[in-house]
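Beneath this line is the structure, given in structure tokens, with notes to follow.
In our numbering, the protein residues as written are 308 to 432.
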């Protein structure tokens with residue numbers, strides 16, 4: 308499974324990438340903002356993990372742009388952010404995010420969220 312990790316913080320990207328590697332995923336592409344993430348999004352990407360707040364293009368705008376692309380309605384997207392207000396979580400879900408993870412997190416919690424998304428999508432197929 309190939310992941311696209313999008314976050315403007317190199318340190319956070321490193322934490323996410325290290326966590327993915329610890330839970331068994333090694334095929335990972337990184338982007339520093341939503342615009343770069345969209346540019347790197349190709350058919351080989353199986354799962355997107357994105358931050359909310361980023362310069363150039365934020366996570367929500369990127370998610371909306373992904374969902375507007377033909378054939379991308381079922382691409383798994385996990386929002387990893389420090390925003391934990393209920394309204395933000397609802398806004399992310401309305402934009403098309405499949406699950407939401409508040410920073411900080413452990414590799415196990417990241418794995419659980421990824422597994423939840425994949426299980427939901429498998430059940431919907």
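For each residue, glycine too, the CB sits at the ideal point set by N, CA and C. Quick caveat: nothing in here was measured; it's all calculated off a predicted structure.
{"Asked": "Residue 344 and residue 369 - do their beta-carbons sit closer together than 8 Å?", "Found": "yes"}
{"Asked": "Give me the residue from 354, 349, 372 and 340 with the minimum Cα distance to residue 360.", "Found": "340"}
{"Asked": "Looking at the strands, I want to know which residues DSSP matches up with residue 407.", "Found": "386"}
{"Asked": "Touching or not, the stretch 366 to 380 and the stretch 410 to 419, by the rule of three or more beta carbon pairs under 8 Å?", "Found": "no"}
{"Asked": "Is residue 379 helix, strand or coil by DSSP?", "Found": "coil"}
{"Asked": "Starting from residue 334 and walking both ways along the alpha helix (DSSP H), at which residues does that stretch end?", "Found": "From DSSP, residue 334 is part of no alpha helix (DSSP H) but of the beta strand (DSSP E) over 334 to 338."}
{"Asked": "Going by C-alpha to C-alpha distance, which of 321, 310, 327 and 317 sits closest to residue 417?", "Found": "327"}
{"Asked": "Compute the Euclidean distance between the alpha carbons of residue 347 and residue 318, then round it to the nearest angstrom.", "Found": "20 Å"}
{"Asked": "Figure out for me which residue from 385, 384 and 407 has the closest Cα to the Cα of residue 394.", "Found": "407"}
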